[in-house]
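Trainee:
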Ligand SMILES: NC(=O)c1ccc[n+]([C@@H]2O[C@H](COP(=O)([O-])OP(=O)(O)OC[C@H]3O[C@@H](n4cnc5c(N)ncnc54)[C@H](OP(=O)(O)O)[C@@H]3O)[C@@H](O)[C@H]2O)c1
């Protein structure tokens with residue numbers, strides 16, 4: 001059975017779905033979505049919290065069809081001014097929470113023989129060149145992409161795909177608007193993105209048609225040159 005988009009039935013778990021891009025994705029799957037955020041009582045940086053939340057989800061709804069991880073704090077500080085605390089936080093928020101969430105959820109997907117995992121990187125993080133604007137953040141996103149590519153191969157034979165979405169400047173009430181205004185001239189399409197621009201790509205990755213797409217980075221940035 002599939003929905004109107006051709007996505008197979010099953011729960012869609014959005015980690016970080018309380019605001020911004022995650023919230024828009026959750027709204028697109030409102031009839032079958034579970035949201036995990038700290039405000040909703042689940043801390044993706046805490047293994048016990050994830051384990052308890054996953055046990056409840058499995059009890060109530062069974063193994064989810066899709067895991068979308070959108071957690072990932074941003075910071076624009078030069079490397080020489082990045083404190084150890086800020087560095088650790090960026091890697092915890094962008095990389096560790098993704099690994100721990102994947103470890104809590106994906107084994108059941110593998111056992112069930114199907115699943116879709118979508119991790120959120122950032123436009124430019126997979127290019128091998130300097131990123132002056134937010135270097136520690138982009139280092140963390142590059143690590144996330146490499147981890148996601150490896151995971152894709154680990155679980156491919158089990159019918160689980162793993163892909164990364166890299167947004168450019170996406171506007172929402174909590175986005176970094178001052179930074180986006182500064183960068184806008186570098187977007188050939190000439191506008192900031194909307195959350196719906198990203199939701200459309202996630203819909204594709206969850207659709208039945210995307211079953212042969214795995215280990216990829218899909219960039220949604222209007223051609224951003226930065
Ligand atoms: N917006 C953009 O223009 C843009 C551009 C490039 C890349 N991205 C990436 O795209 C993703 C989504 O961006 P966004 O702007 O929508 O993010 P956002 O506004 O910062 O929202 C992040 C969500 O994650 C939750 N969260 C944070 N830490 C958590 C934790 N430890 N455990 C559970 N939930 C946690 C937050 O809720 P709580 O505070 O309640 O936990 C919130 O709902 C991020 O990975 C970001 O780096 C965004």
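Numbering (this note's numbering), first residue to last: 1 to 226. Don't be surprised by glycine CBs; every beta carbon is placed ideally from N, CA and C.
Within its chain, find whatever has a CB closer than 6 Å to the CB of residue 17; leave out the 5 residues flanking it on each side and keep chain order.
Mentor: 23, 26, 35.
Trainee: Have a look at residue 210 and residue 32 and give me their C-alpha separation to the nearest angstrom.
Mentor: Roughly 20 Å between the two C-alpha positions.
Trainee: Beta-carbon separation of residue 169 and residue 192 under 8 Å?
Mentor: Yes, the Cβ-Cβ distance between residue 169 and residue 192 is below 8 Å.
Trainee: In whole angstroms, what separates the C-alpha of residue 217 from that of residue 185?
Mentor: The straight-line gap from Cα to Cα measures roughly 24 Å.
Trainee: Are the beta-carbon atoms of residue 101 and residue 50 separated by less than 8 Å?
Mentor: Cβ distance < 8 Å, so residue 101 and residue 50 count as in contact.
Trainee: What does the Cβ neighbour count give for residue 276, buried or exposed, with the cut at 16 atoms within 10 Å?
Mentor: Nothing in the structure corresponds to residue 276, since the chain is present only between 1 and 226.
Trainee: Look at residue 79 and residue 136 and say whether their C-beta atoms are less than 8 Å apart.
Mentor: Result yes, Cβ atoms of residue 79 and residue 136 sit closer than 8 Å.
Trainee: Any beta carbon of chain D sitting closer than 8 Å to that of residue 156?
Mentor: Of the protein chains in this structure there is only one, and it is not chain D.
Trainee: State the DSSP-derived secondary structure class of residue 8, mapped to helix, strand or coil.
Mentor: In the structure shown, residue 8 sits in a strand (DSSP, three-state: E or B).
Trainee: Mind checking which residues open and close the beta strand (DSSP E) that includes residue 67?
Mentor: 66-69 is the span of the beta strand (DSSP E), which, as asked, contains residue 67.
Trainee: Excluding five sequence neighbours on each side, which residues of the same chain lie with their C-beta closer than 6 Å to the C-beta of residue 121?
Mentor: So the list reads 141, 144, 145, 164, 166, once near-sequence residues are dropped.
Trainee: Whose CA, out of 44, 68, 83, 74, lies closest to the CA of residue 116?
Mentor: It is 68 whose Cα lies nearest to the Cα of residue 116.
Trainee: If you run the structure through DSSP and keep just helix, strand and coil, what is residue 101?
Mentor: DSSP places residue 101 in helix when its eight states are reduced to three.
Trainee: Using the Cα positions of residue 1 and residue 39, report the straight-line distance between them to the nearest angstrom.
Mentor: Those two C-alpha atoms are separated by around 33 Å.
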